[in-house]
Amino acid sequence: MGDKIIFATGNEGKMREIRMILADVGRQVLSMKEAGVDAHIVEDGSTFEENAMIKAKTVMELTGEIALADDSGLEIDWLNKEPGIYSARYMGEDTSYDIKNKALLDRMEGVPEEKRTARFVCAIACAMPDGRSFVCRETMEGIIGYESRGENGFGYDPIFYLPEFGCSSAELTLEQKNEISHRGKALRALRKRLEKELGKE
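And the structure:
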């Protein structure tokens with residue numbers, strides 16, 4: 090087994106978050122791009138967990154290193170949990186999030202606050218070269234706001250409102266976000282499990 094951990098993403102915003110949280114696992118954390126992996130992975134699972142595992146196993150098989158992959162998205166209860174596992178591909182992969190966010194706000198027009206409940210879901214899968222694998226899933230609960238707010242986030246952050254903070258997910262600092270975000274929580278759970286698996290109690 091190698092001494093690296095490859096995270097199956099090319100998203101730099103995501104890699105920043107990942108490196109901060111996995112800084113002390115004692116292995117170099119690389120993105121797929123940095124590891125020289127260029128694979129088109131078809132995510133045809135029906136859940137966040139399945140899609141994350143498909144990606145992690147593919148990258149592990151290509152590199153022989155421990156591979157991590159996340160699948161995350163936004164579930165809006167009023168819209169039958171849409172966009173869900175299609176969050177990245179909602180309205181087409183090349184559509185900007187400004188357009189996606191506006192479309193979701195339009196679809197939620199007139200919906201009262203108590204029915205605007207939503208959550209970000211993140212499932213992170215780990216596939217190890219010796220065949221062991223596991224998935225950690227966490228959520229961040231909130232509501233869909235009435236307008237896009239904030240510059241700090243990416244994706245659907247500007248329309249995801251956190252009543253207890255009185256702001257959108259895109260108005261949090263990176264530190265605050267790592268503390269409470271679905272990905273932050275899933276990465277910390279994953280780090281704990283990974284340290285156990287690596288024999289670092």
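When you line the sequence shown up against our numbering, it's residues 90 to 290, in that order.
The beta-carbon is built from N, C-alpha and C at its ideal position, and this holds for glycine as well.
Does the beta-carbon distance from L212 to D160 come in below 7 Å?
Within the sequence shown, numbered from 1, the residue matching residue 212 stands at position 123. Within the sequence shown, numbered from 1, the residue matching residue 160 stands at position 71. Going by the sequence as given, residue 212 is Ala instead of Leu. A contact, by the Cβ cut-off of 7 Å.
My output table needs one value for V224: the three-state DSSP class, helix, strand or coil.
For the purposes of this step, residue 224 is taken as residue 135 along the sequence shown, with counting starting at 1. V224: strand per DSSP, three-state reduction.
In whole angstroms, what separates the C-alpha of K144 from that of A278?
Numbered from 1 along the sequence shown, position 55 holds the residue referred to as residue 144. Numbered from 1 along the sequence shown, position 189 holds the residue referred to as residue 278. Each residue's CA atom was taken as its position, placing K144 and A278 some 19 Å apart.
Cα separation between F243 and L194?
Sequence index remark: in the sequence shown, residue 243 carries index 154 (1-based). Sequence index remark: in the sequence shown, residue 194 carries index 105 (1-based). Answer to the nearest angstrom: the Cα atoms are 16 Å apart.
For I155 and K281, what's the separation of their Cα atoms in angstroms?
Locating residue 155 in the sequence shown gives position 66, counting from the first residue. Locating residue 281 in the sequence shown gives position 192, counting from the first residue. Taking the straight line from one Cα to the other gives about 15 Å.
Assuming C215 and L261 make a contact with CB atoms under 8 Å, what is their CB distance in whole Å?
As a position in the sequence shown, residue 215 is number 126, starting the count at 1. As a position in the sequence shown, residue 261 is number 172, starting the count at 1. At roughly 27 Å, the Cβ-Cβ gap does not stay under 8 Å, so C215 and L261 are not in contact.
Count the other CB atoms within 10 Å of the CB of E164; is the residue buried (16 or more) or exposed (fewer)?
Sequence index remark: in the sequence shown, residue 164 carries index 75 (1-based). E164 is buried by the Cβ-count criterion.
Beta carbon of A192, beta carbon of I233: below 7 Å?
Within the sequence shown, the letter at position 103 stands for residue 192. Within the sequence shown, the letter at position 144 stands for residue 233. Cβ atoms of A192 and I233: not closer than 7 Å.
Within its chain, find whatever has a CB closer than 7 Å to the CB of K47; leave out the 5 residues flanking it on each side and keep chain order.
Here the chain comprises residues numbered 90 to 290, so residue 47 is not present and cannot be evaluated.
Leaving out the 5 sequence neighbours to the left and right, which residues in its chain are closer than 7 Å to S237 when beta-carbon positions are compared?
Taking the sequence shown and counting its residues from 1, the one referred to as residue 237 is at position 148. Within the same chain, S237 has close Cβ partners N190, P247, I248.
Could you please give me the residues that DSSP links to T206 through a beta bridge?
Working through the sequence shown from its first residue, we reach residue 206 at position 117. I232, per the DSSP bridge assignment.
Using only CA atoms, which one of K122, A275, P172, T147 lies nearest to S135?
In the sequence shown, the residue the question calls residue 135 occupies position 46. It is P172.
DSSP on D127, reduced to helix/strand/coil?
Position 38 of the sequence shown, counting from 1, holds the residue named residue 127. The answer is coil: DSSP assigns D127 none of H, G, I, E or B.
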